[in-house]
Amino acid sequence: MMKLSKLATAVAFVMAGSAAVAGEVEVLHWWTSGGEAKSVGELKKIMQSKGHTWKDFAVAGGGGDAAMTVLKSRVVAGNPPAAAQIKGPGIQEWANEGVLANLDAVAKAEKWDSLLPGVVADVMKYKGNYVAAPVNVHRVNWMWANANVLKKAGVASAPKTWDEFFAAADKVKAAGLIPVAHGGQNWQDFTTFESVVLGVGGAKFYQDALVKLDQKALTSPTMTKSLETFRKIKSYTDPAAPGRDWNLATAMVIQEKAAFQFMGDWAKGEFTAAGKVPGKDYICAAAPGTGNAYTFNVDSFAMFKLKDAAAQKAQGDLAAAIMGNEFQEVFNLNKGSIPVRLGMKMDKFDDCAKLSSKDFVDTAKSGGLVPSIAHGMAVSPAAEGAIKDAVSQFWNDDKISVADGVKNIAKAATTK
């Protein structure tokens, strides 16, 4: 991980900034566009109503990497922001450096343990203490489909198994349309791959192979079958797929050029913006074989240790507000995700969000709720990157045999 001592030399790069003034929260985030910016505006209002001032931690040029470099140098200089958008195992990496604040007092007062599924709460904790506040849940294992394209092709409903999926894809192909809208970028390949592994092997296998990185699971016949299925999906994509952005793939489904897309629920925002209605114009369904499982991608804010008492109080109020009913509703209505807080009223949400919420609750009880490896929730960034590369190489090169694909992925999983 980032050895903060080594970053001391970067202190010259620290943004000019004095220690937090009374009741100020400085927040590092990259929610600067459209609905996301609107949502952050709501959080600012909540904080201002409690008498605090809000300061955006803006980094020139934007982008996660630039922001992280500045964040590290600020932390080394003993001048961290109150909160930063950090997620998954990245939270534990920062906590391991001893720089994150203990949020247990807020968590206890606000009853976080009873409001969060255990598997999500664990991601927010370090050695049993809360150090981050979760904002939302994105479901990754969605399959989006255009209702008209399916009708034209004579496909009665969203396929529930991979066999049904390939039968439907053949019908779409025969109708002269593209069965699968895909953007050939490594993270999109990886997003499809994790849904295939989940659908072929089930939640326990997914957990063993892609969360625990168990070599037995990674080299098993189930993984062989997953890669065979993954490769077969590629044969239903169009030749222009390489390099395409995800939203352009979604547009192909919206414009009735393609039938299906495997993508997280941020794709829903594209359908909504195009004036499309779930259940009528498009279908949101769990990827084949994954109806009883749920790959989650949770955005969260890690909270840094602050010296100033007023700033600490403001930080506690920020953590409480992030998990509060009001912000959870407004933010997730704008973002297309669902509240991470259990027991929320879902009246204002659309049918896809309602299904997502129901499945989130059900899988939290059944053990089918698993972290998304493709979206930074399951393993260390080093292992994730190596596996992602191996998956994309396999997807892009038909000369790599399934057996070699299995070997390459298993080897990548040993990356420390």
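Residue numbers -22 to -1, 1 to 394, in mature numbering (1 follows the signal peptide of the UniProt record, and there is no 0), belong to the letters of the sequence shown in order.
Using N, Cα and C, we set each Cβ at its ideal position, and we do this for glycine too.
Item	Value
What residues in its chain sit with their C-beta under 7 angstroms from that of G221, if we drop five residues either side in the sequence?	G162, Q163
Look at the alpha carbon of H116 and the alpha carbon of A83, and state the distance between them as a whole number of angstroms.	27 angstroms
Bridge partners for residue 402 per DSSP, in chain order?	The structure shown does not extend to residue 402, since the chain spans only -22 to 394, so no value can be given for it.
Between A299 and the rest of its own chain, which residues show a CB-CB distance below 7 angstroms, the 5 nearest in sequence each way excluded?	L21, I24, M25, F305
How is S278 classed by DSSP in three states: helix, strand or coil?	strand
Have a look at N119 and I351 and give me their C-alpha separation to the nearest angstrom.	11 angstroms
Below 8 angstroms on the Cβ atoms is my contact criterion, and I expect P59 with E14 to pass it. Report the Cβ-Cβ distance as a whole number of Å.	Rounded, the Cβ-Cβ distance is 18 angstroms, inconsistent with contact.
Could you say which of G179, V98, A146, L196 lies nearest to Y214 if we only look at CA atoms?	A146
Spatial neighbours of D91 within its chain, please: CB distance less than 8 angstroms, with the 5 preceding and 5 following residues excluded, ordered by chain position.	A85, A99
Cα-Cα, which of P199, L6, K190 is closest to T47?	L6
Would you mind stating whether N270 and G321 have Cβ atoms separated by less than 7 angstroms?	no
Mind checking which residues open and close the alpha helix (DSSP H) that includes Q63?	First-last for Q63: 61 to 63, but that is the beta strand (DSSP E), not the alpha helix (DSSP H).
Should the region 378 to 390 be regarded as contacting the region 198 to 209, the criterion being three or more beta carbon pairs within less than 8 angstroms?	yes
Starting from Y108, follow its DSSP beta bridges and name the residues at the other end.	K103
What distance in whole Å lies between the Cβ atoms of E248 and A265, which are believed to be in contact at a cut-off of 8 angstroms?	No, A265 and E248 are not in contact; Cβ-Cβ is about 18 angstroms, not under 8 angstroms.
Is the separation between the beta-carbon of T341 and that of Y272 shorter than 7 angstroms?	yes
So what's T273 in DSSP terms, helix, strand or just coil?	strand
Any idea if D223 is buried or exposed, counting beta-carbon neighbours within 10 angstroms, 16 or more meaning buried?	exposed
Give the DSSP bridge partners of E2, in chain order.	T31
Is the separation between the beta-carbon of I156 and that of A110 shorter than 7 angstroms?	no
Sorted by chain position, which residues of the same chain lie with C-beta nearer than 8 angstroms to residue 429's C-beta, five sequence neighbours on each side aside?	Past the edges of the chain, shown from -22 to 394, lies residue 429, and the structure says nothing about it.
By alpha-carbon positions, which one of T250, S27, G76 ends up nearest to G1?	S27
Mapping DSSP to helix, strand and coil, what is P220?	strand
Suppose you measure from the CA of D243 to the CA of N386; what does that come to, to the nearest Å?	30 angstroms
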